[in-house]
Each structure stands twice: as structure tokens, then as C-alpha cells.
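> Handing you a structure now.
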Amino acid sequence: MRTIDRRPLALAACSFAAALCLAPVEAHAHLVQTGFGTFYDGVVHLFLTPPDLLVAFGLGLLAGLCGAAASRGVLFALPAAWFAGEMAGSLFPASLTLPWLTTVSFGAVGVLVAVNANLPRALLVALACGAGLLHGFVDGSTMAAAGTDRLGMIGASVSVFLVITLSSALVVSLRANWTRVAVRVAGSWIAAIGLLMLGWLVRGQG
Amino acid sequence: MPGRAAGPLVLAALALLLVPATVFAHQETGSITGIVSGLKHPVSGMDHVLAMISVGLWGAQLGAPAVWVLPVAFPMVMAFGGMLGLMGIVVPGIEIGIAVSAIVLGAMIVTESRPPLWIAAVLVGFFAIFHGHAHGTELPAGSSGLLYSIGFVAATGTLHGVGIGLGLVHRFRGGRLAVRAAGAAVSAAGVFFLARIFV
Numbered sequence: 738m739r740t741i742d743r744r745p746l747a748l749a750a751c752s753f754a755a756a757l758c759l760a761p762v763e764a765h766a767h768l769v770q771t772g773f774g775t776f777y778d779g780v781v782h783l784f785l786t787p788p789d790l791l792v793a794f795g796l797g798l799l800a801g802l803c804g805a806a807a808s809r810g811v812l813f814a815l816p817a818a819w820f821a822g823e824m825a826g827s828l829f830p831a832s833l834t835l836p837w838l839t840t841v842s843f844g845a846v847g848v849l850v851a852v853n854a855n856l857p858r859a860l861l862v863a864l865a866c867g868a869g870l871l872h873g874f875v876d877g878s879t880m881a882a883a884g885t886d887r888l889g890m891i892g893a894s895v896s897v898f899l900v901i902t903l904s905s906a907l908v909v910s911l912r913a914n915w916t917r918v919a920v921r922v923a924g925s926w927i928a929a930i931g932l933l934m935l936g937w938l939v940r941g942q943g
Numbered sequence: 195m196p197g198r199a200a201g202p203l204v205l206a207a208l209a210l211l212l213v214p215a216t217v218f219a220h221q222e223t224g225s226i227t228g229i230v231s232g233l234k235h236p237v238s239g240m241d242h243v244l245a246m247i248s249v250g251l252w253g254a255q256l257g258a259p260a261v262w263v264l265p266v267a268f269p270m271v272m273a274f275g276g277m278l279g280l281m282g283i284v285v286p287g288i289e290i291g292i293a294v295s296a297i298v299l300g301a302m303i304v305t306e307s308r309p310p311l312w313i314a315a316v317l318v319g320f321f322a323i324f325h326g327h328a329h330g331t332e333l334p335a336g337s338s339g340l341l342y343s344i345g346f347v348a349a350t351g352t353l354h355g356v357g358i359g360l361g362l363v364h365r366f367r368g369g370r371l372a373v374r375a376a377g378a379a380v381s382a383a384g385v386f387f388l389a390r391i392f393v
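Structure (C-alpha cells):
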């Protein structure tokens, strides 16, 4: 009896199965779908929200340029104001992003860094409180609308603390003149981003 | 026969690989296209690349404080130009201004001009408006304006850094000549850009 070679058929079937596996369909490659847990969602929130990250980083640079004494006040004022703003914002859960105000706030901070503004400590703390309340309010409002609880808002405030601590400490430690110039260049970039963003908002594409 | 049946199956399998479908690996698809477009845009046009590198080269030639005043001032003025464009405010002769920026900045490098700092800053700032107006507003559809701006500013600033880095060879005798030769090349390219507009 003649034996039938089934290997080509098996090979073809395997190829077909492999091709099916490779067929492009909708894929969700990120764990954001499943969530990291409320606290870590809050921690990550800052890094996924460019205006928040820019204002926190910019304030860190500004505080560092103003010196160690001025920085110490901002380290705690900004996260505290941020959290207070989040609490207030959570009372009004909505997708309230206030893009004009948040853009002006980080853009203004960028300008202050670029011009190497040597602000008095009280003024710097007041600036940090204002920015923290504004951005925190927006965060609280949007996070509450998305179902994030207060633990997530604490996570966001912890992120703010980490960013401002690391950035201000880095700048305070700089001694070489060119490194402080590099900080001012970073400020000019933040200001430039703010200016362009204002243009996008005027155009309605923010 | 099984052997004959395998051929069409293999072909069908290969054809399946060609089926186009959309893959969404990222949730914020507009964001990733925005920042990538912003990063790519400044390096995609030779006119912009040459002018940005020239600012760095000239700054390196001039030394402190110009070497840091120009890179600090340029992004902000450029963004102001971009904002004018986004607001629909027309600036006449944009392409001519960009071509002339390459000619003038290259000439400054060739001649090792050392004008007062404020004149250098005004000159660079004046040209920055044209570059910002022309390039800062070309957002691909569906992209994030903020992330496009971040990418655009970062890429432009990096080009300045490249120019300053290259300009550091100015300290050496051979390097000084090389920087001046680079300025001549930029000016020549500017003449080409200008000729292309009118011809």
C-alpha cells in the first residue's frame, strides 16, 4: 500500500496557524489598560500630563537657581498646595483642563528660569502655591471624573515632591557657570513650548 | 493529493500576512505622533538645520556671553514667531527670510564678525521669527499640539547644541578655518535656497 506523505500538509497547516497568530489586530500593549493600582496611577499621572510635569520641573529649576534656602520652602509648599488643589478639584468632577491657565503658568515659570530671576523666598513660595493649587485643581477634577480616589491624588502629589526635590537639588549642586546656563536654556525651552501652546489654543488645536 | 493541497494553503498563509489592519499599541495615538512629528520636523528641512547649527557655530565663535544668550533667546523668539503663525498673523517673505538667514549667519561665521551682543541677539531673534512662523505650525492632523511643540523645541535646541559643540574646534588653528569654511557652506546653501524661490 502506498504511503501518503503528509508532511507538506502539516507544514502548510502550521504556517497558516503561525500566520493567523501574526495577523495584525487591535493590540493593547500597555498595562494602563489594567491599571497599576490607584496610588501608582496617581504617581504616573504627572508623567503623562506634560503641563503638570513642565510646571513642576520648571519650578524645581527656578528654585534651584534661587538657592538652597529658597528651595527648601518650595519643596513642601508645592506638593502641599498641589494636594489641596486636588482635594478642591475632586469636589467638581469634570474634564476641566483649563488649558489657557495651565499653559500660562508653565510658560511664565519657563520665562523666569530663562531670565535667571532671583526671586525672594516668599515670592517663590507664593508662586509655587499658586501653580500647585491651579494644576492640582485640574488634576483633582479630571482624576475624580475618571474615578480615581484620594490615594491616587496622594500619589500625584508624591510625584510632584519627587520631581521638584530632584530638579532643585540638581540645580543647587551645580557650580560650573555653563551648567547654570544649561538650566536657563531648559527654561527658555519651557517658555517656548508655552508660547507655541498658546498659539495652538488660539487656533483651537490645543 | 496532500502535497498539492499544501501549495494554495501556503499561499493563503502568506497572503494573510499582507492583510493591513490598524494596530494600536498605545492608547494616546495622537500624542506619540505629535512628539515624533515635532522631533522630526526641524531636522527634515535643510534650511532649518543649517540656520540652527549656524546659530550655535556663531555663538561658539563669539564666546561668552553670546554663546549662551543666543541659545536662550532663540527658542523663545522662534516660538513667538510660531505663535504669530498659529494666530493667523501673516509675516511677509517667510521663505525669503529663511534663505537670507542662512546667507547672513553663514557670512557672520566666515568673517568672524563680532558685533555688540545686543545686535547679535536682535539679528538672530529676527531670523528666529521666520523659522518659527514657517516650521512651528505644521502639526499633522490628529496630533497633540503640546507634544508637537515639545518635540519641535527640543529638536531645535539640540541643533543649537550640535552647532556649539562643532564650534568648539574654533579654539584650534585648523578648527578655526574649518568653522569659517562651514560658514561659507551655509551661506552658499542660503544662496541656493534663495535662488530656488525666484527661479
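First to last, the sequence lines map onto chains A and B. For the record, in the first sequence the residue sitting at position 183 is 920 according to the working numbering, with numbers rising by one throughout. For the record, in the second sequence the residue sitting at position 161 is 355 according to the working numbering, with numbers rising by one throughout. Think of the CB as a built atom: it goes at the ideal place given N, C-alpha and C, for glycine as much as any other residue.
(1) For the 8 Å Cβ check, are there 3 or more pairs between the region 906-915 of chain A and the region 794-806 of chain A?
(2) Whole angstroms are fine: how far does the CA of V271 of chain B sit from the CA of G319 of chain B?
(3) What residue from B:L256, B:L205, B:A273 has the CA that sits closest to I303 of chain B's CA?
(4) Let me know if T879 of chain A comes out buried or exposed under the rule of 16 or more other beta-carbons within 10 Å of its beta-carbon.
(5) Going along chain A in order, which residues have a C-beta closer than 8 Å to the C-beta of S343 of chain B?
(6) Quick one: complete alpha helix (DSSP H) runs, 4+ long, within the region 760-841 of chain A?
(7) According to DSSP, simplified to helix, strand and coil, what is I283 of chain B?
(8) Roughly how many whole angstroms lie between the Cα atoms of L340 of chain B and G867 of chain A?
(9) Enumerated in chain order, which unbroken segments of the alpha helix (DSSP H) with a length of 4 residues or greater are wholly contained in the region 229-261 of chain B?
(10) Any Cβ of chain B within less than 8 Å of the Cβ of R940 of chain A?
(11) Between which residues of its own chain and K234 of chain B is the CB-CB distance below 8 Å, once the five residues before and five after are set aside?
(12) Run down chain B in chain order and give the residues with a C-beta less than 8 Å from the C-beta of A750 of chain A.
(13) Could you pull the start and end residues of the alpha helix (DSSP H) that A314 of chain B belongs to?
(14) Output yes if chain A places a C-beta closer than 8 Å to the C-beta of V380 of chain B; else output no.
(15) List, in order along the chain, the chain B residues whose C-beta lies closer than 8 Å to that of P816 of chain A?
(16) In terms of residue numbering, what span does the alpha helix (DSSP H) encompassing F366 of chain B cover?
(17) Put Q221 of chain B into one of helix, strand or coil per three-state DSSP.
(18) Does DSSP put P202 of chain B in a helix, a strand or coil?
(19) Can you tell me whether DSSP reads A1024 of chain A as helix, strand or coil?
(20) Does the beta-carbon of D876 of chain A have 16 or more other beta-carbons within 10 angstroms, so that it is buried, or is it exposed?
(21) Using CA coordinates, which residue listed in A:A863, A:M824, A:V922 is at the minimum distance from D886 of chain A?
(22) Report yes or no: is there a C-beta of chain B within less than 8 Å of the C-beta of A851 of chain A?
(23) Could you please give the first and the last residue of the uninterrupted alpha helix (DSSP H) stretch that includes G936 of chain A?
(24) In the structure shown, what three-state DSSP assignment does S338 of chain B receive?
(25) Going by C-alpha to C-alpha distance, which of A:R912, A:V780, A:T902, A:G797 sits closest to V850 of chain A?
(26) Taking the alpha-carbon positions, what's the T223 of chain B to V230 of chain B distance?
(27) Is the CB of S808 of chain A under 8 Å away from at least one CB in chain B?
(28) The alpha helix (DSSP H) that contains T885 of chain A, what's its start and end?
(29) Quick one: give me the first and last residue of the alpha helix (DSSP H) that L299 of chain B is part of.
(30) With burial defined as no fewer than 16 other Cβ atoms inside 10 Å of the residue's Cβ, what is the status of P921 of chain A: buried or exposed?
(31) Anyone know if the C-beta pair for L783 of chain A and V862 of chain A falls short of 8 Å?
(32) With DSSP collapsed to three states, give me the class of S904 of chain A.
(33) How would you call G941 of chain A, buried or exposed, if buried means at least 16 neighbouring beta carbons within 10 angstroms?
(34) Given this structure, state the Cα-to-Cα distance separating P788 of chain A from L203 of chain B, to the nearest angstrom.
(35) Tell me which same chain residues have a C-beta within less than 8 Å of the C-beta of R858 of chain A, skipping the five on either side of it?
Looking at the coordinates:
(1) yes
(2) Going from the Cα of G319 of chain B to the Cα of V271 of chain B covers about 6 Å.
(3) Checking every option, the nearest Cα to that of I303 of chain B belongs to B:L256.
(4) Buried: at least 16 other Cβ atoms inside 10 Å.
(5) A929, I930, L933, M934, W937
(6) 775-784, 787-803, 805-827
(7) coil
(8) 22 Å
(9) For the alpha helix (DSSP H) assignment, the uninterrupted runs of no fewer than 4 residues enclosed by the region 229-261 of chain B are, from N- to C-terminal side, 240-256.
(10) yes
(11) G345, A349
(12) L203
(13) 311-329
(14) no
(15) By Cβ distance, chain B contributes nothing, its closest Cβ being about 23 Å from P816 of chain A, past 8 Å.
(16) Note, F366 of chain B: premise wrong, no alpha helix (DSSP H); not H, not E.
(17) In this prediction, Q221 of chain B has a pLDDT of 44, which is less than 50 and means its spatial position is unreliable; nothing more can be read from the coordinates.
(18) helix
(19) This structure cannot speak to residue 1024 of chain A, because chain A is shown only from 738 to 943.
(20) buried
(21) A:M824
(22) yes
(23) Counting along the chain, the alpha helix (DSSP H) containing G936 of chain A begins and ends at 914-940.
(24) coil
(25) Nearest C-alpha to V850 of chain A: A:G797.
(26) Any reading at T223 of chain B must be qualified, since the residue scores a pLDDT of 49, below 50, and its modelled position is unreliable; no value is offered.
(27) no
(28) Element bounds for T885 of chain A: n/a, residue is neither H nor E.
(29) 288-304
(30) Checking the displayed sequence, the identity of residue 921 of chain A turns out to be Arg instead of Pro. Answer is buried; the Cβ neighbour count reaches 16.
(31) no
(32) helix
(33) exposed
(34) 53 Å
(35) C803, A806, A807, G810
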